[in-house]
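In our numbering, the protein residues as written are -16 to 142. Note that CB positions come from ideal geometry on N, CA and C, so glycine has one too. Being a predicted model, the structure only gives us computed values, none of them experimental. Reviewing the structure listed below.
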């Protein structure tokens, strides 16, 4: 078990991270179900995989909080953000990932300024993973928007 040497701002970053990551799990899981109803099985599986990856982040954050002697508490889940087509969903997910990147970047810089090596390394690992998610979403969007792209990413409004 780690010593509870982290400052209150680190605890705040961890709480916000937990809320964000649980929101991401909820969003990706819901979107996977939605695109499955559109008949987009491959997209649904990709979104389910994103939800599993974000759930892994949730597990790591909870573990970190417990190791620091803090009770995990996700204070605010964001509402799920849907769209009329796969492209809109991915654009919203990309914006959400950018928010996570900013949070982890802020947390990493704060820990570096405080000389908190262990928490800096923890947040830095999450930062790199979220940057990778953002790059993957960008590439997926480019596939949908590129020449020869099918209409399936654009013609699926159901609500």
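Residue 129 in three-state terms, based on DSSP
Position 146 of the chain shown, counted from the start, is the residue given in the question as residue 129. Coil at residue 129, not helix or strand.
Quick check on residue -10: does DSSP put it in helix, strand or coil?
Here the question's residue -10 lines up with position 7 in the chain shown. Here residue -10 sits in coil by DSSP.
What would DSSP say about residue 94, mapped onto helix, strand or coil?
Within the chain shown, residue 94 is the residue found at index 111, counting from 1. Residue state for residue 94 is assigned as helix, using DSSP reduced to three classes.
Is residue 21 helix, strand or coil by DSSP?
On the chain shown, position 38 is the one that residue 21 refers to. In the structure shown, residue 21 sits in coil (DSSP, three-state: anything other than H, G, I, E or B).
Rounded to a whole number of angstroms, what is the C-alpha to C-alpha distance between residue -5 and residue 122?
Position 12 of the chain shown, counting from 1, holds the residue named residue -5. Position 139 of the chain shown, counting from 1, holds the residue named residue 122. Taking the straight line from one Cα to the other gives about 32 Å.
By how many angstroms is the C-alpha of residue 130 removed from the C-alpha of residue 5?
As a position in the chain shown, residue 5 is number 22, starting the count at 1. As a position in the chain shown, residue 130 is number 147, starting the count at 1. When only Cα atoms are considered, residue 5 and residue 130 end up about 35 Å apart.
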